[in-house]
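Following: one structure in structure tokens, then a few remarks.
Residue numbers (the numbering used here), protein chains in the order written: chain A, 1 to 196; chain B, 1 to 172.
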């Protein structure tokens, strides 16, 4: 998919530059872009490491367990099919906690484990059950406490206050998550009534 | 509202460090371990980020974004969505590195503290790479039928895009 998009971006920019008569700027933009990317990576690195480091401290000091405990009643409501203490529920909870803390490296393997555990207890083998759908929808929304990459890019662009976006990010991701959850619940119950 | 973000960062850091100290973990060692993971995840996204920043920079230099924004601004104005942010909105659910490349070009062009720059940051920071998550998680258990996952997830993304515009416009 990304291969097509990349191809499209390059071809469109070349065609566009011929139409607008900006072929000379396009030529310099190629090497300039490569250079810019590396400078971007270097200027992002500090802020990224600040947050992955901080969240590792939170993780090691047991914040993960506390957040999981707080999530437990919410998850029980969202995924009523799962047994509260089952390995599936534990993996779901650990994945969402890792996402909240921004521990991306830990979140994906935990999420895969959660999907495998849920599939084991599911009666549907070729299709996801409502809990699996809810889990994937939650993972396609953002639950991260600190949007570290966006903050790092703002820092790199010379923002006077990279974190001024935090309250907006929290409100926006909450709204998106709630809409996703409500729609998923509605679809699941609509389907349940249809089957009877 | 902006001030909340300024106080939240030291508050979160203080909470983490004090909690870690109370629990008697090796704070600096834990920080180092986390920072190392940060570096390695940056290195792992570096190749795609470089490729995509080049492509976005080419698109930007070719005048494509200006033409697209001019063409689409009547539609965007009608629903109250800034046309300048349409490329970001379109690439966000598809590619993480791609959306960061587009975000960085928006921040450079309009300034990170402008309304457009802030809205773009909120859009990118409050949504996830939807198609990537769907592919990874269903792929890991060999499920091809995703039922109502994608419509629900994209509706959530759209909500995020619109809320980013509204919250930034309302509070700054």
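All C-beta atoms, glycine included, are put in the ideal place defined by N, C-alpha and C.
Can you give, in chain order, each stretch of the alpha helix (DSSP H) that sits fully within the region 28-107 of chain A and has at least 4 residues? Listed in chain order, the complete alpha helix (DSSP H) runs (minimum 4 residues) inside the region 28-107 of chain A are 63-78, 87-101.
Residue 167 of chain A and residue 121 of chain B: beta carbons closer than 9 Å? No, these two residues do not count as a Cβ contact at 9 Å.
Looking at the structure shown, is residue 127 of chain B part of a helix, part of a strand, or coil, going by DSSP? Strand.
Would you grab the beta carbon distance between residue 43 of chain A and residue 144 of chain A for me? Rounded to a whole angstrom, and I think it's under 8 Å. The beta-carbon distance between residue 43 of chain A and residue 144 of chain A, rounded to whole angstroms, is 21 Å. This is too long to meet the 8 Å contact definition.
For residue 141 of chain A: DSSP bridge partner residues: B/127.
Answer with buried or exposed for residue 196 of chain A, where buried requires no fewer than 16 other C-beta atoms within 10 angstroms of its C-beta. Interpretation of residue 196 of chain A is limited by its pLDDT of 38, a score under 50 that renders its predicted location unreliable; the figure taken from the coordinates is listed afterwards. It counts as exposed.
Burial state of residue 21 of chain B (16 or more Cβ within 10 Å): So residue 21 of chain B ends up on the exposed side.
Measure how close the beta-carbons of residue 31 of chain B and residue 36 of chain A come, nearest whole angstrom, since I'm counting them as under 8 Å. 29 Å between Cβ atoms; not a contact.
Please report whether the beta-carbon of residue 81 of chain B lies at a distance below 9 Å from any beta-carbon of chain A. Not one chain A Cβ lies under 9 Å of residue 81 of chain B.
Measuring only the C-alpha atoms, how far is residue 140 of chain B from residue 75 of chain B? Between residue 140 of chain B and residue 75 of chain B, the C-alpha separation is close to 39 Å.
Between the region 67-84 of chain B and the region 57-76 of chain A, are three or more C-beta pairs nearer than 8 Å? They do not touch, by the three-pair rule.
Count the other C-beta atoms from every protein chain shown that fall within 10 angstroms of the C-beta of residue 23 of chain B, then say buried if there are 16 or more, exposed otherwise. That one is exposed.
Helix, strand or coil at residue 168 of chain B according to DSSP, with G and I counted as helix: Residue 168 of chain B falls in the helix class under three-state DSSP.
Anything in chain A within Cβ reach of residue 155 of chain B, meaning under 8 Å, just list it in chain order. For residue 155 of chain B, the chain A residues whose C-beta falls within less than 8 Å of its own C-beta are 179, 180, 183, listed in chain order.
Drop a sphere of 10 angstroms on the beta-carbon of residue 43 of chain B, count the other beta-carbons inside from all chains shown, and report buried for 16 or more, exposed for fewer. Under this definition residue 43 of chain B is an exposed residue.
Skipping 5 residues on each side, what residues in its chain have a beta carbon closer than 7 Å to that of residue 47 of chain A? So the qualifying residues of the chain are 148, 151, 152, 155.
Could you check if residue 7 of chain A is buried or exposed, using at least 16 other CB atoms within 10 Å of its CB as the buried criterion? Residue 7 of chain A should be labelled exposed.
For the candidate residues A/140, A/173, A/9, whose alpha-carbon lies nearest to that of residue 65 of chain B? Selected option, being the one with the closest Cα: A/9.
Can you confirm whether residue 77 of chain A, when its beta carbon is compared against all beta carbons of chain B, has any partner nearer than 9 Å? By this cut-off, residue 77 of chain A is not an interface position.
Proximal residues to residue 75 of chain A (C-beta, below 7 Å), its chain only, five neighbours per side dropped: Closer than 7 Å at the Cβ level, and outside the excluded window around residue 75 of chain A, lie 89, 92, 93.
Proximal chain A residues relative to residue 160 of chain B, where beta-carbon distance stays under 8 Å: Neighbours of residue 160 of chain B on chain A, chain order: 141, 142, 172, 173, 175, 176.
To the nearest angstrom, how far is the alpha carbon of residue 97 of chain B from that of residue 77 of chain B? Residue 97 of chain B and residue 77 of chain B: Cα-Cα distance of roughly 28 Å.
Contact test: residue 54 of chain B Cβ vs the ligand NAP heavy atom, cutoff 8 Å: With respect to the ligand NAP, the structure shown offers nothing to examine, as it has no ligands at all.
For residue 96 of chain B, the first and last residue of its enclosing alpha helix (DSSP H): 96-110 is the span of the alpha helix (DSSP H), which, as asked, contains residue 96 of chain B.
Residue 46 of chain B at chain A interface by Cβ criterion, 9 Å: Interface residue, yes.
Using a Cβ-Cβ distance cut-off of 9 Å, determine whether residue 116 of chain B contacts chain A. False, the Cβ-Cβ gap to chain A never drops below 9 Å.
Residues in the region 52-79 of chain B having any Cβ partner in chain A nearer than 8 Å: Legend: CB atoms of the region 52-79 of chain B lying less than 8 Å from CB atoms of chain A belong to residues 52, 53, 54, 55, 56, 57, 58, 59, 60, 61, 62, 63, 64, 67.
Counting only C-beta atoms, is residue 69 of chain A closer than 9 Å to chain B at any point? Chain B has no Cβ within less than 9 Å of the Cβ of residue 69 of chain A.
Using 9 Å as the limit for Cβ to Cβ distance, is residue 84 of chain B near chain A? By this cut-off, residue 84 of chain B is not an interface position.
Could you name the residues of the same chain whose beta carbon sits closer than 6 Å to that of residue 84 of chain B, not counting the 5 residues immediately before and after it, in chain order? Cβ neighbours of residue 84 of chain B within its own chain (closer than 6 Å, five residues either side excluded): 69, 116.
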